[in-house]
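Chains as they are written, first to last, in numbering that gives the first Met the number 0: chain A, 0 to 173; chain B, 0 to 123. Worksheet: one structure, shown below.
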Amino acid sequence: MNEQLEQMLEHYQQGSNEVICVDEPRQTLVLFQISDQRFALYGAQVKEILADRPVSWVPGCAPTLEGVISNRGRVESVIRLSQLLEISSHEPAIKRSILIGRSETMQSGILVDKLIDVLEVVESQILAAPDSLPSVMQKIVVGIVYISDSYYTLLDLNLVFNRYLESCGYDSAR
Amino acid sequence: MTVPDSLAAVHLHMGNIDFYIPASEVLRCSLVREAQSEIPLFSHWLGLKEEPHQGMHLHLLVPGSNVLTGWTLWGELENVILAREAIFALPPLVRESCKIPVLRALVNSHNGLSPLLSWGKKKP
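Pasting the structure below:
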């Protein structure tokens, strides 16, 4: 009897007993880019994706607010995530998009330089955010995702909107 | 309570900015005959840069503002009727963060969305 063969067969038998879990929870992510940095939002927090359109300026608002747009009979605010994240843009974006984001308490447009993709990932792909992030990011980042050779910084819209209000001097506890 | 179908308003065009004020709140908007330095500029009062000296030089009086002298401004003025469908409440992020307390709504017109200012009492 060939001992090597027996060992091989035994290995395969053991392997076939392993149960592969295919029902791991998944999350839909919206991937986008601001300047040369890549970010993601939970798909559940993005209601709609709009092509760039003229944004009306509103006086008396923080520079992080690009303005307002009219969409489907509603007026939406549009915030500049680049300003909020303190990312300096080197070149003007050619094909910007506006993501209509919805947190637990409010809804607003978010201006991004480029929409990359909308896809599903398994939850285990979402890693904890590193401690080395800049302080402004630490307040709104909830994880890091590695997709197609790139890392995406995962943001939570509840935290993004809170950070926006905080940057305007608004006391969210009032 | 029936909701009105329209709102009579004064449309001010200053530089590249449009504003609307309910007509019932404007006592007078007349041409400035002689410039008076003690009358503040409307743009400065709103915290904006001074508008270019284009159009008419106007003196605006809004009693509800408690600015007794009123303001001066450069621009165009017209009386308009705004349909209810053209008036929108402020989005939450604007409402919570805007530093101009009299910014109460937005008007959708051919120029995009423009501020509607009102000195009337806000509902709590």
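For each residue, glycine too, the CB sits at the ideal point set by N, CA and C.
Judged by DSSP secondary structure, S96/A falls within the beta strand (DSSP E) whose first and last residues are S96 to R101.
If you check the CB distance, R79/A and T63/A come in under 7 Å. The three-state reading of DSSP puts M55/B in strand, counting E and B together. In this structure, A22/B sits away from L81/B, with a CB-CB distance that is not shorter than 7 Å. Flagged as an interface residue toward chain A: F87/B, by a C-beta distance shorter than 7 Å. The three-state secondary structure of P91/B, taken from DSSP, is helix. By the rule that beta-carbons nearer than 7 Å mark a contact, V93/B touches chain A. Here DSSP, grouped into helix, strand and coil, assigns G42/A to helix.
Chain-order list of chain A residues neighbouring I20/B: empty, with the shortest C-beta distance near 14 Å, by a criterion of under 7 Å.
Counting the other CB atoms within 10 Å of its CB gives I93/A a total below 16, which places it among the exposed residues.
Using a C-beta cut-off of 8 Å, the segment 104-119 of chain B makes contact with the segment 39-58 of chain A, since at least three inter-stretch Cβ pairs fall below that distance. Inter-segment contact for the segment 52-60 of chain B and the segment 109-121 of chain B is absent: fewer than three beta-carbon pairs are separated by less than 8 Å.
Annotation for N157/A: the continuous alpha helix (DSSP H) segment containing it runs L156 to S166. Separation of H43/B and Y150/A (C-alpha to C-alpha, rounded to the nearest whole angstrom) is 46 Å. DSSP places L115/B in the uninterrupted beta strand (DSSP E) bounded by G111 to L116.
Around the beta carbon of M136/A, a 10 Å sphere encloses 16 or more other beta carbons of the protein chains shown; the residue is thus reported as buried.
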